[in-house]
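Participant:
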Amino acid sequence: MNAPSAPTLTTPPSTVVVDHPMIQHKLTLMRRTRTPANEFRLLLREISMLMAYEVTRDMPMEMIEIETPLATMQAPVVAGKKLCLVSVLRAGGGILEGMLEILPAARVGHVGLYRDPVSLAAVEYYLKLPRDISERTAIVLDPMLATGNSAAAAVAEVKAAGCQSIKFVSLIAAPEGLATFHEAHPDVPVYTAAIDSHLNDHGYIVPGIGDAGDRIFGTK
Ligand code: URA
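Mapping of the sequence shown onto numbering that gives the first Met the number 0: residues 0 to 219, in sequence order.
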């Protein structure tokens, strides 16, 4: 007899899958067990730079007058709220590096969370956010949106600090995590490079990449 299939979860409407060929190619290289930590880190940095383009695509613009060597012209610059990148420790640091390459003026916050191995609940051990985060757009970073518990807890902290404009960036999301996250924060769009099949009994994304922190830092 076939095993009962998991209920199909619909992808929440606020999910953006960034399926650019270069991102997908680099993600395939990252997934391979044989990819060493130094290459894994570099690929994550490169993908994060490409994701930074997509997550900032809707930033408002304004025209300003500038002088070129030849003429005066009206030229576009980014307007509106400034950015704050919030890295969920420890794996969020892998995305942070690439994002900062593209968004060097962004402020940076950190949320330290670990997963209780039994309940899979998110337990907070560190929080440091910029004082003026309520006046910024926050982009919360965590490569693996697995159960959705850590992602939801991190965004709850950013909201508690007064921030009202928030986006979430992951590398790979599980359908279960997207559903949990969307239920907690329907106002926060999720940008991800892939939505994988499911979570295993230990809360790991299948097929996934394994433990993102271990693969970034070469720990195991
Ligand atoms: N965290 C990881 O690092 N990997 C997973 O697959 C799930 C959570």
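Built from N, CA and C at the ideal position, the CB exists for glycine as well.
Give the DSSP-derived three-state secondary structure of Thr191 in the structure shown.
Facilitator: Correct three-state label for Thr191: strand.
Participant: When the distance is taken between beta carbons, is Ser164 closer than 9 Å to Ala150?
Facilitator: Result no, Cβ atoms of Ala150 and Ser164 do not sit closer than 9 Å.
Participant: Which residues does DSSP list as the beta-bridge partners of Leu140?
Facilitator: Paired residue(s): Ser86 and Val168.
Participant: Below 8 Å on the Cβ atoms is my contact criterion, and I expect Ala172 with Leu144 to pass it. Report the Cβ-Cβ distance as a whole number of Å.
Facilitator: Sure, about 4 Å apart at Cβ, within 8 Å.
Participant: Please indicate yes or no: does the CB of Ala172 lie closer than 8 Å to some heavy atom of the ligand URA?
Facilitator: No.
Participant: From Leu43 to Leu69, what does the alpha carbon distance come to, in whole angstroms?
Facilitator: Their backbone Cα atoms lie some 41 Å apart in a straight line.
Participant: Could you check how far apart the C-beta atoms of Val139 and Val85 are, in whole angstroms? I think they sit under 8 Å.
Facilitator: The pair is a contact, with the Cβ atoms about 5 Å apart (cut-off 8 Å).
Participant: I'd like to know whether the C-beta atoms of Ala160 and Ile132 end up nearer to each other than 9 Å.
Facilitator: Yes, these two residues count as a Cβ contact at 9 Å.
Participant: Could you give the residue range of the beta strand (DSSP E) that holds Pro20?
Facilitator: Counting along the chain, Pro20 falls outside any beta strand (DSSP E), though it belongs to the alpha helix (DSSP H) covering Pro20 to Arg30.
Participant: Along the chain, where does the beta strand (DSSP E) containing His109 start, and where does it finish?
Facilitator: Residues Arg106 to Arg114.
Participant: Could you say which of Thr27, Thr7, His24 and Ser47 lies nearest to Pro142 if we only look at CA atoms?
Facilitator: The shortest C-alpha separation from Pro142 is found at Ser47.
Participant: What residue does the alpha helix (DSSP H) around Tyr52 start on, and which one ends it?
Facilitator: Residues Ala36 to Val54.
Participant: Roughly how many angstroms lie between the CA atoms of Ala92 and Ser118, to the nearest whole one?
Facilitator: Note that residue 92 is Gly in the sequence shown here, rather than Ala. Approximately 25 Å, taken between the alpha carbons.
Participant: Based on the DSSP secondary-structure assignment, which residues constitute the bridge partners of Gln73?
Facilitator: Glu64, per the DSSP bridge assignment.
Participant: For the ligand URA, is there a heavy atom less than 8 Å away from the beta-carbon of Arg114?
Facilitator: Arg114 Cβ: within cutoff of the ligand URA.
Participant: On the CB-based measure, 16 or more other CB atoms within 10 Å of its CB, does Val122 come out buried or exposed?
Facilitator: That one is exposed.
Participant: Under 9 Å between the Cβ atoms of Thr34 and Cys83?
Facilitator: Their beta carbons are not under 9 Å apart, which means Thr34 does not touch Cys83 by this criterion.
Participant: Output needed for Val187: all residues of its chain with C-beta closer than 6 Å, excluding positions within five of it in sequence on either side, in chain order.
Facilitator: Cβ neighbours of Val187 beyond the five flanking positions: Val154, Ile165 and Phe167.
Participant: Give the DSSP-derived three-state secondary structure of Arg130 in the structure shown.
Facilitator: Arg130 falls in the coil class under three-state DSSP.
Participant: Whole angstroms is fine: what's the gap from Leu198's alpha carbon to Thr32's?
Facilitator: The alpha-carbon atoms of Leu198 and Thr32 are separated by roughly 18 Å.
Participant: The ligand URA and Tyr52: does any heavy atom of the ligand fall closer than 8 Å to the residue's C-beta?
Facilitator: No, Cβ of Tyr52 sits at least 8 Å from all heavy atoms of the ligand URA.
Participant: Would DSSP call Val16 helix, strand or coil?
Facilitator: Here Val16 sits in strand by DSSP.
Participant: Would a C-beta distance cut-off of 9 Å place Met50 and Val17 closer than the cut-off?
Facilitator: In this structure, Val17 lies closer than 9 Å to Met50 by Cβ.
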